[in-house]
Amino acid sequence: MADIRLQAVVAELSDSEPCLVLVSLEGLLPDAASPDWAMIAWTPADAPVKLRMLCASSRRTLREEFADFSFREYNATERSEVTLAQYVESTRDRTEDDRHAAMTRDEIDQEEVRKQ
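The UniProt record's numbering puts the sequence shown at residues 1 to 116.
Structure below.
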């Protein structure tokens with residue numbers, strides 16, 4: 001079911017036009033209860049800069065207009081990224097080890113100093 005829903009989204013994406021797509025997560029993830037939604041920000045590399053910027057600035061408006069909805073944002077630039085597995089990996093809560101793996105030694109040291 002999940003793959004079918006996201007495959008339908010992929011089929012509608014344009015290679016030259018960015019867009020924001022709202023996908024209900026209800027029934028896709030075990031912990032997703034209504035009104036949890038994914039906001040997929042589709043920004044293909046071939047899209048004109050002006051359209052990419054317009055799409056990026058529209059996120060806030062969308063959030064304001066749908067204030068009662070709970071969103072999880074996800075950025076995608078390639079069709080292969082619009083899968084449930086990619087979404088889950090990208091939006092999952094990061095462990096301290098995950099965060100430290102992406103940080104420089106100086107950033108880790110600064111974080112440890114702040115904790116003290």
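We put the beta carbon where it would ideally sit given N, CA and C, even for glycine.
* From the DSSP output, in three-state form, read off Ser34 for me. => For Ser34, the pLDDT reaches just 47, beneath the cut-off of 50, and the residue's location in the model is therefore unreliable, although a value from the coordinates is still provided. Coil at Ser34, not helix or strand.
* Report buried or exposed for Ala76, applying the criterion of at least 16 other Cβ atoms within 10 angstroms of its Cβ. => Around the Cβ of Ala76, a 10 Å sphere holds 16 or more other Cβ atoms; the residue is buried.
* To do: Whole angstroms is fine: what's the gap from Ser80's alpha carbon to Val88's?
  => Those two C-alpha atoms are separated by around 14 Å.
* To do: For my contact list, Ala41 and Leu20 are in at a C-beta cut-off of 8 Å; report their separation, rounded to the angstrom.
  => Correct: roughly 6 Å between the Cβ atoms.
* **DSSP-derived helix/strand/coil call for Ser14** => Ser14 falls in the coil class under three-state DSSP.
* Asked: Within the chosen definition, does the stretch 45-52 reach the stretch 3-19 through at least 3 CB pairs nearer than 8 Å?
  -> Yes, the stretch 45-52 is in contact with the stretch 3-19.
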